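Note that the working numbering has the sequence shown beginning at 701, numbered continuously upward.
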Amino acid sequence: MRRHLVVIALVLAATAGFAQDPLATFNTYFVDRTLRVDYEHVGNAAEEVFVLDRLVEQGAWAGSRVHLVDPFDNGRCFARVYDLASGKLLFSRGFDSYFGEYRTTEQAGKSVRRAYHESVLMPKPKAKVRFALELRGADRKLKEAWSTEIDPGSWEIVREKPDPSVLVMPSHVSGDPHARLDVAILGEGYTLAEVGKFRADLDRFTGILLGAEPYARVKDRINVYGVLKPSDESGIDEPSHGSYRRTALGATFDSLGSERYVLTEDNRALRAVAAAVPYDALYIMVNSARYGGGGIYGLYSTFTTDNQWHRYIFLHEFGHSFGGLADEYYTSSTAYNEFYPPGVEPAEPNITALGDPAHVKWSDVLTPGVKVPTPWEKADYDAQDMAYQKLRQQLNERIATAKRSGAPEAEVAKIVEESERLSREHAQKMDAYLASSKFVGVVGVFEGAGYSAKGLYRPMLDCLMFTKGDKPLCRVCQAAMERRIDHFGE
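In C-alpha cells:
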C-alpha cells in the first residue's frame, strides 16, 4: 500500500509540475524552429480549394512558447495543428487573406477564379501532426475546409539558407523574440543606391510606432527589425498611371481595382525576404510619395513613406494587419461587395451589427447613461464627406489620365498638388466638425462603420480607424491592440 501511495504521489507531482511549467506543451511537442506551410488558395465567390505547395523550415520560432492557441475569435481563416497520434490541439492562429478580399469583389462574383499563394507559420513539431484550415461562413461559424499530414522529418521540407543579398538592420531590440512582439519592416522599391534612405525611413517609422499609444507604454515588449532586398528600380507599379517597376516584393497600387490600395501577390518573394529575421508582424515600407497602403489581418500591412499622411497610413494599416481592427469609415469607395453580410456580427472588435443592444460588444467601457445606438450629427457629416469623396475621385482620374497620356511633369504635379491640398483641407475641416460634437470622448454605439452607412456601428465618434489625421486609436481599439501584444509575449 505504501509503495502504491508513493507511486501516486510521484505521478501527481509530475502532473502538477507539467501544469505549472508554462513551456511544458511547447517543449513536449515542438522544437525551437519555424515551419512555414505554403499553399495555393484558389477559387471565386462561390468556391475555394487549397493545394499544398511546399513546407519550409526557417530560423528560430519568433512567437510565444506559452500562448500557442489563439483566443481571438477573429479572421475568416483559422489554422489549427493537431498531434497526429492523440488528436490534441497544439497550435492555432486566426487570420485573413488576400483571397478573402478578392472573393468579395465583382469579378469573383462573376465566377472568375483566381489563385493566391499563402503561408502559415507555426513552431516546428517533433512528431507528425495534422495541419487543418478552417473557413468562417456567412454565419461566422468556422468549418474545416482542408487538412494535410505533416511529417517534420521528411526530406521534402525545404531547408535553404537565407538569401545572402538581404540586408538586416535592427532598429529597436528590447529582448528575447519569444517574449516580444517582433515587427519586421520590409523595404520595397529601394535600390542599392537608396540603402541610406531605407535606414533613415526605418528609423523614422520605428519612432512613429513606439511613440504612439498603446505601443509607447509597452515598447520594452516590442522588437523592430528592418529588412531590405534592394530592388532593380525605385518605387513600385502604378498600373492605372501606366507606370511599372521591377522590385523585390512585387508591390503595386491599384490592388483589387482600388487606386490607393497597395498589396503584393508575390507571397513567395515576401516570405523569402522576411525569413531573414524572427517576426510576428510584417510591414512593407514602400518607397513612394504617393498616398497608399493596405492591411490584411495576420498577413501584412503596407504604407508609402513620403506623402503627407504617412503617419496615419502607417498606424492605421497596422491596426488592420496586427490588431484585426476593421475600417470604421463608410463614405470612401472600395472594391468590396457586402464585405460584412447584413445581420451578421462582424468578427472585428471595433465594429458591431448591434444584434442585441442590451449586450454591446464593448459594454465594459460604455459611457454611463449613453443611448444605444448613440445619435450623432451623421446626416450633416455624410453630406460634407460625400461631396469631398466625389471631388477626390475626379482628381484621381485626372491624375491617372495625365500620366497615361504622357502629360508634362509640371502639369501632373499641379493636379497632384491640388489633390493634396484639398485632402489636407478636408481632413482639417472634418476634424474640427467632429471636435465640436457633444459626443467627443463618449464611448457609445455610433452608426456608420465597416464601409456601411447603415447597420454597422463604431464605439467612438472619431478614431484612427475612422478618419485621416494625427490622432490616436479610440479606447476600444487600443485595448484590442494591447490584448494582441500580450498574446505574443510570455
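Every residue, glycine too, gets a C-beta built ideally from N, C-alpha and C.
Computed from a predicted structure; not experimentally measured.
Helix, strand or coil at residue i according to DSSP, with G and I counted as helix
i, result
"V858", "strand"
"L1054", "coil"
"M1165", "coil"
"A969", "helix"
"Y1088", "helix"
"R946", "coil"
"K1061", "coil"
"P823", "strand"
"F726", "helix"
"I1185", "helix"
"H741", "strand"
"I908", "helix"
"I936", "coil"
"N1007", "coil"
"R814", "strand"
"L1066", "coil"
"Y802", "helix"
"H767", "coil"
"G957", "helix"
"R1175", "helix"
"D1027", "coil"
"P877", "helix"
"R1138", "Looking at the sequence provided, one finds Lys at residue 1138 rather than Arg. Reduced to three states, the DSSP call for K1138 is coil."
"Y991", "coil"
Residues near residue i in its chain [Cβ-Cβ closer than 7 Å; skip 5 each side]
i, result
"V1116", "I1099"
"C1174", "P1159, M1160 and C1163"
"E1120", "Q1008"
"V731", "K824 and K826"
"R703", "Confidence at R703 is low in this model, with a pLDDT of 48, below 50, so the placement of that residue is unreliable and no value is reported for it."
"R1184", "F1022 and G1023"
"A716", "With a pLDDT of 47 at A716, under the threshold of 50, the predicted position of this residue should be treated as unreliable, and no value is reported."
"P1041", "A838"
Extent of the continuous alpha helix (DSSP H) run through residue i
i, result
"D1131", "E1109 to A1135"
"G1155", "Where G1155 is concerned, there is no enclosing alpha helix (DSSP H), although the beta strand (DSSP E) it sits in stretches over S1152 to M1160."
"L1015", "H1010 to S1021"
"A981", "Where A981 is concerned, there is no enclosing alpha helix (DSSP H), although the beta strand (DSSP E) it sits in stretches over A981 to V986."
"D885", "Reading off the sequence shown, one finds Ile at residue 885, where the question assumed Asp. Segment L881 to E888 is the beta strand (DSSP E) holding I885; no alpha helix (DSSP H) there."
"E806", "E806 to G809"
Contact under 9 Å by Cβ, residue i with residue j
i, j, result
"F1039", "Y1151", "yes"
"S931", "T891", "yes"
"M869", "L1025", "no"
"D863", "H817", "no"
"V756", "Y739", "no"
"V737", "L821", "yes"
"P1046", "L867", "no"
"I850", "L768", "no"
"S1063", "R1092", "no"
"D1027", "A1149", "yes"
"K828", "G837", "no"
"D901", "T1005", "yes"
"S988", "G1141", "no"
Residues that DSSP places opposite residue i in a beta bridge
i, result
"C777", "F795 and L835"
"G850", "The amino acid occupying residue 850 in the given sequence is Ile; Gly does not appear at that position. I850 is bridged to V829."
"A1180", "DSSP, once it has assigned bridges, lists no residue as partnering A1180."
"A951", "T964"
"Y1000", "I996"
"L928", "L867 and G887"
"V895", "Answer is none; V895 lacks a bridge partner."
"L735", "E757 and M822"
"L789", "Y782"
"N923", "D882"
"K843", "L835"
"H872", "V924"
Neighbourhood of residue i by C-beta distance below 6 Å, restricted to the same chain and skipping five residues each side
i, result
"R971", "S819"
"Y979", "A762, D882 and A884"
"A879", "G1189 and E1190"
"D954", "P939 and S940"
"F718", "Because the pLDDT at F718 is just 47, under 50, the model does not fix this residue reliably, and the point stays unresolved."
"T906", "S871, H872 and V924"
"P1068", "none"
"F791", "L768, V781 and M822"
Limits of the unbroken beta strand (DSSP E) element including residue i
i, result
"D721", "Per DSSP, D721 belongs to no beta strand (DSSP E) and is neither H nor E."
"A1149", "V1143 to A1149"
"L752", "E748 to Q758"
CB contact below 9 Å: residue i versus chain D
i, result
"A900", "No chain D appears in this structure, which consists of one protein chain only."
Cutoff 8 Å; reference residue i; Cβ partners in own chain excluding five residues on either side
i, result
"T1167", "Y1029, A1127, M1130, D1131 and L1134"
"W758", "Looking at the sequence itself, residue 758 is Gln, so the reference to Trp does not match. Excluding residues within five positions, the ones whose Cβ falls inside 8 Å are R733, T734, L735, R736, L821 and A975."
"R968", "D738 and H817"
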